[in-house]
Every structure is written in C-alpha cells, then in structure tokens.
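Last residue of the sequence shown: 537 (this note's numbering), numbering continuous. Every residue, glycine too, gets a C-beta built ideally from N, C-alpha and C. What follows is one structure encoded as structure tokens, with my remarks underneath.
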Amino acid sequence: MPYVVGLTGGIGSGKSTVARIFEELGATVIDTDAIAHALTGPGGAAIAPIRAAFGADYITAEGALARARMRELVFADVTRKSELEAILHPLIRRRSEELARDARGPYVILMVPLLIESRDYRARCQRVLVVDCPEQLQVERVAARSGISAAQVRAIMATQVSRAARVAAADDVIDNSRDLAQLRDEAEALHRRYLQLAAAEE
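In structure tokens:
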C-alpha cells in the first residue's frame, strides 16, 4: 500500500481546495465524499440496500438517493442515521481501499471529513493533515456556498469534533484563513515533506 496522508477539516474549512492543490502537485487524491456520491447516484451500489431498508420514497425516479428527504430523516432520527451509515460506510471503505491500492502518485491524500472521529480511517493513515480556519469563517463560507443559514451551519458544526480536538489530533496543519497564494505555499512545503516520507518507506 502507498504512503497515505489523511486530509480532514471542519465543514467550510477548504479541504477540497487543498486537495486540488495536492492533486496538481502529483499526489493521488481519494475523496470519500465523492465515493459516497457515486455509490448513491443512479444505479450506484448502495441504492438497492437503501431501497430495501428505507423504501422507494427515498429513491428518485432516476434511481438515485433522494438526498434532501434522507437528510431530513437522519438528522431527526439517530437510529435511521446509523442504519444508513451501516450500509454506506463498508462500501466507501472498500472502494477507498481499492483506489489506494491502484494509486499511481508518489503518495495518497485520503480526504475524510470525519477522519478524527473514525478509528478505522485514522489507522490507515501514516499522517493526519488538518485544514484549519476560524469558525466564523467556516460559517460564512458554507452559508455563502450552500445558501443555508448561519444557525444551520453551526448545527452541522456541533455534530463534528471540535476545532481544538481536530488540531490536537493533527500531525500537520494548514491555515486556510488567508489568501490562495499562501495556502499554495503551505501545501507545496508539505508536498516536499510527504515526498521525502514516502520515499523513506519504500
């Protein structure tokens, strides 16, 4: 298996932007959110078990997960949330492992929003990289991007591990409160470091 750096951060922290920079630099990026989206898209591997567990009302006419309806259900009912996770998580884990085995880059960036909370994903990473920014900036970014209220963003943030706990669990931290040029400089410095670490493990 390749050298794996786990990439995480709170909602609106800029994980995707950072991942894109590492991809441009040559790393293989594996995005577990993108995997989940594919699994729950039309004809995805998770659709049949979701239909069996939740009923056809939670599947669109195109054969994809009815995301808004499912979001409402699992946000209100922790038991149903656990049922959905029991279907999705093993499929996501299996697919991410396949992609890691097939990786052609010098190392893998494994992007997992809830990496710190997940013992399984944490165990698969040689290092943990956290993208960090002030919480108010997270709220502003998500509200602007998604058109939801600041209160809704804070409710989502409350379900995630705290900013302090995330930073405390990190081996490396990128500060994404400044401009893109500074963000790129930080990512390039870490890229050079990860190349060295990956080469040392070969």
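Cα-Cα separation between residue 381 and residue 425, rounded to whole angstroms: As a first step, residue 381 is located in the sequence shown; it is residue number 46 there, counting from the start. As a first step, residue 425 is located in the sequence shown; it is residue number 90 there, counting from the start. Looking at the two C-alpha atoms, the distance is approximately 10 Å.
Three-way DSSP call (helix, strand, coil) for residue 447 in this model: By 1-based counting over the sequence shown, the position of residue 447 is 112. Collapsing the DSSP output to three states places residue 447 in coil.
Cα-Cα separation, residue 370 to residue 446: As a working mapping, residue 370 is identified with position 35 in the sequence shown. As a working mapping, residue 446 is identified with position 111 in the sequence shown. Cα-Cα distance, rounded: 11 Å.
Outcome for residue 405 when other beta-carbon atoms lying within 10 angstroms are tallied against a minimum of 16: The residue given as residue 405 occupies position 70 in the sequence shown. The residue in question, residue 405, is buried, as its Cβ has 16 or more Cβ neighbours within 10 Å.
Endpoints, the alpha helix (DSSP H) within which residue 400 is located: Position 65 of the sequence shown, counted from the first residue, corresponds to residue 400. Unbroken run through residue 400: none, as it is neither H nor E.
Proximity below 8 Å, CB of residue 444 to CB of residue 502: As a first step, residue 444 must be located in the sequence shown, where it is residue number 109. As a first step, residue 502 must be located in the sequence shown, where it is residue number 167. No, Cβ-Cβ distance for residue 444 and residue 502 is not below 8 Å.
Span separating the alpha-carbon of residue 394 from that of residue 439: Start at 1 with the first residue of the sequence shown, and residue 394 comes out as number 59. Start at 1 with the first residue of the sequence shown, and residue 439 comes out as number 104. Going from the Cα of residue 394 to the Cα of residue 439 covers about 35 Å.
Identified DSSP bridge partners for residue 466: If you number the sequence shown from 1, residue 466 lands on position 131. Residue 466 pairs with 344 and 509.
Close-in-space but distant-in-sequence residues of the same chain around residue 344 (CB under 6 Å, 5 per side omitted): As a working note, residue 344 is residue 9 in the sequence shown. Correct list, in chain order: 350, 465 and 466.
Distance, residue 420 Cα to residue 408 Cα: The residue you call residue 408 lines up with position 73 of the sequence shown. The residue you call residue 420 lines up with position 85 of the sequence shown. Their Cα atoms are separated by approximately 13 Å.
First through last residue of the beta strand (DSSP E) which encompasses residue 502: In the sequence shown, the residue the question calls residue 502 occupies position 167. Where residue 502 is concerned, there is no enclosing beta strand (DSSP E), although the alpha helix (DSSP H) it sits in stretches over 498 to 503.
Minimum C-alpha distance to residue 384 - residue among 336, 423 and 372: Taking the first residue of the sequence shown as 1, we reach residue 384 at position 49. The residue with the shortest Cα to Cα distance from residue 384 is 423.
Burial state of residue 348, where buried means 16 or more other Cβ atoms lie within 10 Å: Within the sequence shown, the letter at position 13 stands for residue 348. Label assigned to residue 348: buried.
Proximity of residue 338 and residue 533 at Cβ, strictly below 8 Å: In the sequence shown, residue 338 corresponds to position 3, counting from 1. In the sequence shown, residue 533 corresponds to position 198, counting from 1. Contact: yes.
C-alpha gap between residue 433 and residue 336, whole angstroms: In the sequence shown, residue 433 corresponds to position 98, counting from 1. In the sequence shown, residue 336 corresponds to position 1, counting from 1. Spanning the two alpha carbons is a distance of roughly 10 Å.
Under 8 Å between C-beta atoms of residue 510 and residue 521: The sequence position of residue 510 within the sequence shown is 175, counting from 1. The sequence position of residue 521 within the sequence shown is 186, counting from 1. A contact, by the Cβ cut-off of 8 Å.
Under the three-state DSSP convention, the category residue 382 falls into: For the purposes of this step, residue 382 is identified with residue 47 of the sequence shown, where counting begins at 1. Helix.
Own chain residues within Cβ distance below 8 Å of residue 368, not counting five before or after: Taking the first residue of the sequence shown as position 1, residue 368 is located at position 33. These residues qualify, in order along the chain: 446 and 448.
Residue 366 in three-state terms, based on DSSP: Indexing the sequence shown from 1 puts residue 366 at position 31. Strand, per DSSP.
Beta-carbon gap between residue 462 and residue 507 smaller than 8 Å: Walking along the sequence shown from the start, residue 462 turns up at place 127. Walking along the sequence shown from the start, residue 507 turns up at place 172. Yes. Within cutoff.
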